[in-house]
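Beneath this line is the structure, given in structure tokens, with notes to follow.
2 protein chains.
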Amino acid sequence: MTIILKIGGSVLTDKNKVSAAKPEAIARVAREVSEALSPRLVLVHGAGSFGHHQAKEYRLKDGLNDWSIKGILPTHNAVKSLNAMVVDALQMSGVDALPVHPLSNCILNNGRIEHMCMEAITRMLRAEIVPVLHGDVVMDTAKGVGILSGDQLVAYLARALKADRVGIGTNVDGVLRNGSVIRELKPANIREVESILSGSVGVDVTGGMYGKIAELMALAGEGIPSVVFNAEKPGNIVKFLRDDLAEGTLISGD
Amino acid sequence: MTIILKIGGSVLTDKNKVSAAKPEAIARVAREVSEALSPRLVLVHGAGSFGHHQAKEYRLKDGLNDWSIKGILPTHNAVKSLNAMVVDALQMSGVDALPVHPLSNCILNNGRIEHMCMEAITRMLRAEIVPVLHGDVVMDTAKGVGILSGDQLVAYLARALKADRVGIGTNVDGVLRNGSVIRELKPANIREVESILSGSVGVDVTGGMYGKIAELMALAGEGIPSVVFNAEKPGNIVKFLRDDLAEGTLISGD
Numbered sequence: 001m002t003i004i005l006k007i008g009g010s011v012l013t014d015k016n017k018v019s020a021a022k023p024e025a026i027a028r029v030a031r032e033v034s035e036a037l038s039p040r041l042v043l044v045h046g047a048g049s050f051g052h053h054q055a056k057e058y059r060l061k062d063g064l065n066d067w068s069i070k071g072i073l074p075t076h077n078a079v080k081s082l083n084a085m086v087v088d089a090l091q092m093s094g095v096d097a098l099p100v101h102p103l104s105n106c107i108l109n110n111g112r113i114e115h116m117c118m119e120a121i122t123r124m125l126r127a128e129i130v131p132v133l134h135g136d137v138v139m140d141t142a143k144g145v146g147i148l149s150g151d152q153l154v155a156y157l158a159r160a161l162k163a164d165r166v167g168i169g170t171n172v173d174g175v176l177r178n179g180s181v182i183r184e185l186k187p188a189n190i191r192e193v194e195s196i197l198s199g200s201v202g203v204d205v206t207g208g209m210y211g212k213i214a215e216l217m218a219l220a221g222e223g224i225p226s227v228v229f230n231a232e233k234p235g236n237i238v239k240f241l242r243d244d245l246a247e248g249t250l251i252s253g254d
Numbered sequence: 001m002t003i004i005l006k007i008g009g010s011v012l013t014d015k016n017k018v019s020a021a022k023p024e025a026i027a028r029v030a031r032e033v034s035e036a037l038s039p040r041l042v043l044v045h046g047a048g049s050f051g052h053h054q055a056k057e058y059r060l061k062d063g064l065n066d067w068s069i070k071g072i073l074p075t076h077n078a079v080k081s082l083n084a085m086v087v088d089a090l091q092m093s094g095v096d097a098l099p100v101h102p103l104s105n106c107i108l109n110n111g112r113i114e115h116m117c118m119e120a121i122t123r124m125l126r127a128e129i130v131p132v133l134h135g136d137v138v139m140d141t142a143k144g145v146g147i148l149s150g151d152q153l154v155a156y157l158a159r160a161l162k163a164d165r166v167g168i169g170t171n172v173d174g175v176l177r178n179g180s181v182i183r184e185l186k187p188a189n190i191r192e193v194e195s196i197l198s199g200s201v202g203v204d205v206t207g208g209m210y211g212k213i214a215e216l217m218a219l220a221g222e223g224i225p226s227v228v229f230n231a232e233k234p235g236n237i238v239k240f241l242r243d244d245l246a247e248g249t250l251i252s253g254d
């Protein structure tokens, strides 16, 4: 049983400030992962306020130029510092977690993953170590440099590792329509989703809820189901890991 | 012209203490790199006192077990913090440098590199960015976990990138015989080297001078020359990068 769990940057950080972590939320997430740990778990987290502002300031989405090149390191360092907090919190909760940084092992082609080195991740999973990856600034074969969102990363890892289940822990109760949670979505609903979703609050250079759902819809079409749920609600991560979550939006192909 | 330059941990840190950097030495090394920067340069640094002590305490060389698993993160974090100092110093000297962490992109097989993901490094070089790698703790397909020395990394990168020249900046004047520098070594001299070299001072789990020379001898046999030189002597890094270094030990195949 291979599980990919993403915890959104909005859960771990205050997206409206620059590099502002929520240490209590990070510690709680780590405790929940520890409580319901399964042997083949990959954790991915968004950058939240660590990285998005830097990426925007240096216009990393424009590709490589004399200005953006100066923004790669500060953007990478910002999200790496959030990653270190997450990994440390997991270790303090007794989880053998290790950081894996996309800038080191991944390249994009025009914003989409062209290659990601899976060997270290696979080896960690065999040793029952939880690899902890994150949205990052990454070299791009077409544009020089680009942004890899945690959501694209989740979809890539789910395919590469033939995951059984994907969980997307956000700060809302699921995919919403007029304030109510859509209980189930199928790839056929993509047009509907396009029309109902508006952008998230705060700065997010990677596309907010729509980008997230588009990645998951494609995944569902390939037989990998996912659940978008509220990870700010204590207990939900434990329930998701135990396959016992009765809320959120299920995105599946059947 | 592709150049691999390794700066030994002994140049950047005090190997007899735990996690003690030499900030002035790091800044000077960065200035020298900046002064003689060539477009395709890869920098590798040793762990020095960042990582060796942790690796020894947790017996990472024994492979993965209940004790060593707790040492992976502290060892990786220690050398990563040295790496951050080196990258920051380079950036402050105007060099577009980025970190690349072997734990993320490399696996060993019984202590030897089985696979290293070169894509990100290659892309950085094309963008005239200097990738900065380091000795690290790395997953191992045979032993679970192992230590990747900066020296093995240098040899691997030199082959993978078909490097033209390799520089090994240490805290001595070259390979020494009775206190005098051996000016030239060829692969045929390997037995002689075995007999004259004794271990370096301080703790070094990766083999000291002998391991270094064995890697370089093999490389020389494949047509990639290297120079072991004193990187504590101001100006030597500039001279090496400009191919104008008249001292040290040249290890070449012809």
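Chains as they are written, first to last, in the UniProt record's numbering: chain F, 1 to 254; chain X, 1 to 254. Even glycine gets a Cβ: it sits at the ideal position worked out from N, Cα and C. Since the model is a prediction, treat every value here as computed from it, not as a measurement.
Residue i and residue j closer than 8 Å at C-beta
i	j	result
X:A89	X:A160	no
F:V172	F:I182	no
F:L185	F:I251	yes
F:E128	F:D96	yes
X:Q54	X:A21	no
X:H45	X:I7	yes
X:E232	X:V33	no
X:H134	X:A47	yes
F:A229	F:G179	The residue you asked about is not Ala; residue 229 of chain F is Phe in the sequence shown. In this structure, F:G179 does not lie closer than 8 Å to F:F229 by Cβ.
F:L43	F:V138	no
X:S104	F:N105	yes
F:H76	X:E119	no
F:I113	F:Q152	yes
F:G111	F:D140	yes
F:V154	F:E215	yes
F:K162	F:T2	yes
X:G211	X:S149	yes
Minimum C-alpha distance to residue i - residue among the options
i	options	result
X:N16	X:E35, X:S34, X:V42, X:S49	X:S49
X:V37	X:T249, X:F240, X:E247	Note that residue 37 of chain X is Leu in the sequence shown, not Val. Minimum Cα distance to X:L37 is reached at X:F240.
X:I190	X:A220, X:G167, X:G144	X:A220
F:L73	X:K143, X:M217, X:G150, X:V130	X:V130
F:G253	F:S226, F:D136, F:N236, F:R242	F:S226
X:T249	X:R40, X:T170, X:T2	X:T170
F:K61	F:T13, F:R177, F:E192, F:L108	F:L108
F:A142	X:L148, X:M124, X:D140, X:T141	X:M124
F:A30	F:V18, F:S68, F:M92	F:M92
X:V87	F:N65, F:G94, F:K70	F:K70
X:G144	X:A155, X:K212, X:L98, X:R59	X:R59
X:I213	X:E222, X:I224, X:V193, X:G223	X:V193
F:L64	F:G146, F:L98, F:E24, F:T13	F:G146
F:D164	F:P39, F:A188, F:D66	F:P39
X:E35	X:K80, X:S68, X:G235, X:S81	X:G235
One or two residues paired with residue i in a DSSP bridge
i	result
X:V137	X:I147
X:P225	DSSP lists no partner for X:P225.
X:E194	X:E194 is not bridged to any residue.
X:M116	X:C106
X:V130	X:A97
F:T170	F:N230
X:S180	X:R177
F:I3	F:L41, F:R165
F:I251	F:L185, F:S226
is_contact[residue i, chain X] using C-beta, thresh 8 Å
i	result
F:L250	no
F:M1	no
F:V205	Note that F:V205 scores 45 on pLDDT, short of 50, meaning its location in the model is unreliable; the coordinates nonetheless yield the value given after this. It does not; no Cβ of chain X falls within 8 Å.
F:D136	no
F:G199	Model confidence at F:G199 stands at a pLDDT of 48, short of 50, so the residue's coordinates are unreliable; what they give is reported in the following sentence. Taking Cβ atoms only, chain X never reaches closer than 8 Å to F:G199, which makes this a no.
F:G202	Because the pLDDT at F:G202 is just 45, under 50, the model does not fix this residue reliably, and the value given afterwards should be weighed accordingly. False, the Cβ-Cβ gap to chain X never drops below 8 Å.
residue 287 of chain F	In the structure as shown, chain F starts at 1 and stops at 254, and residue 287 of chain F therefore has no counterpart that could be examined.
F:L98	yes
F:H45	no
Closer than 8 Å to chain F by CB, residue i
i	result
X:M124	yes
X:Q54	no
X:T141	yes
X:Q91	yes
X:I107	yes
X:G144	yes
X:L73	yes
X:V87	yes
X:I69	yes
X:L64	yes
Residue i beta carbon near the ligand FAD (any heavy atom closer than 7 Å)
i	result
F:V87	The ligand FAD is absent from the structure shown, which contains no ligand whatsoever.
Can you check the region 11-93 of chain F for any beta strand (DSSP E) of at least 3 residues that lies completely inside it and give the ranges in chain order?
List check, beta strand (DSSP E) in window: 40-45.
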